[in-house]
Every structure is written in C-alpha cells, then in structure tokens.
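Residue 144 in the working numbering sits at position 125 of the sequence shown, with consecutive numbering throughout.
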Amino acid sequence: MRLALEAGREATTHDDVPVGCVVSKAGRVIATARNERELRSDPTAHAEVLAVRAAALALGGWRLPGCEVHVTLEPCPMCAGALLAARVERVVFGAADPKLGAAGSVTQVLRDPRAPVRIDVTGGVLAEECSKELGDFFAARR
C-alpha cells in the first residue's frame, strides 16, 4: 500500500486526485499507476484501469490470475468491473469511498455472486493515511 500511496502522490503533479494502484503477483510488483484523468483528458484514466492495462501487457494476456491489486481508494463501479474482467485474485484498498465505492461502501460489485469470479477484498489498509492524502488534496482546492 505504501507504493500505491507514493504513486498517488505523483498524480497531484498534474492536478489529478491522488489515487495510486499497484498490481503484484507472488510478491513481485508487475505494474504501478496513478490517476491520470486530468493529464490525459480521459474519464477512464483511473489508477486501477491504467495499472491493470500495464499488468496485462507485462504478463502477455488480459487475464491476471494470481494477481493482487493494492489501491489507495475503494474502487468505483468502472474500476471494479475492470478488476472483475481481468480476473484478479485479491483487491486491497485503503480509504473507503462513501460516494462511489463498489467494494461495500455503496455497492458490492466486487462481491456480487453473479460475477464470473470471486475476488477476495480487504479494505481499510492504511485507511487514515490514504484518507489524509485525499482530504489534503481537496482541502487545498477549496
């Protein structure tokens, strides 16, 4: 999660919300990404989507079995869908997202029994630190 926090901090250099994501397999980092919606003028350039794309390229296929995703903010429905489609094994997130969280805060996309795979989800890892990064970012813009 510390690597994801570092990646998230980099997003602020181009006015993006400080969300970072790391994809690993067997303890080895496969891909790291940060939000780049502002940078790319792309509403889909969330950290999770970019990290999953990079991991798929690195591993040579769209399926990411055995991969673990660490992200500083609870995935939104779009990102949760991408994680399901990629068949990741586990998602660990820091701060809960009471507005768009799709891992339990608002909806349960990652744990939907109709989904094609079951993803192990752990939330609240370094939650205070992740929440502080987000809070500081938005406070500076008010």
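Glycine included, C-beta positions come from ideal geometry on N, C-alpha and C.
Alpha-carbon to alpha-carbon, residue j and residue i
i	j	result
LEU76	ALA101	15 Å
ALA23	PRO132	28 Å
ARG161	THR51	29 Å
ILE49	CYS40	11 Å
GLY27	GLU147	15 Å
ASP34	ASP155	13 Å
MET20	PHE157	21 Å
ALA159	GLU57	17 Å
ARG47	MET97	26 Å
Distance CB(residue i)-CB(residue j) smaller than 8 Å
i	j	result
LEU83	ALA114	no
ARG53	GLU29	yes
CYS149	LEU119	no
GLY142	ALA122	yes
GLU103	VAL140	Note on residue identity: the sequence assigns Leu, not Glu, to residue 103. No, these two residues do not count as a Cβ contact at 8 Å.
LYS44	GLY85	yes
Supposed contact pair residue j and residue i - C-beta distance, whole angstroms, cut 8 Å
i	j	result
ILE138	VAL110	6 Å
VAL90	ALA66	6 Å
PRO37	LEU145	Not really, about 13 Å apart at Cβ, beyond 8 Å.
Determine contact between the segment 59–79 and the segment 111–126, defined as no fewer than three beta-carbon pairs at a distance below 8 Å.
no
Decide if the segment 54–64 is in contact with the segment 76–90; the criterion is three or more beta carbon pairs, one per stretch, under 8 Å apart.
no
What residue ranges within the segment 95–158 form continuous beta strand (DSSP E) runs of no fewer than 3 residues, ordered along the chain?
109–114, 139–141
For the segment 59–93, list the beta strand (DSSP E) runs that are entirely contained and at least 3 residues long, ordered along the chain.
86–92
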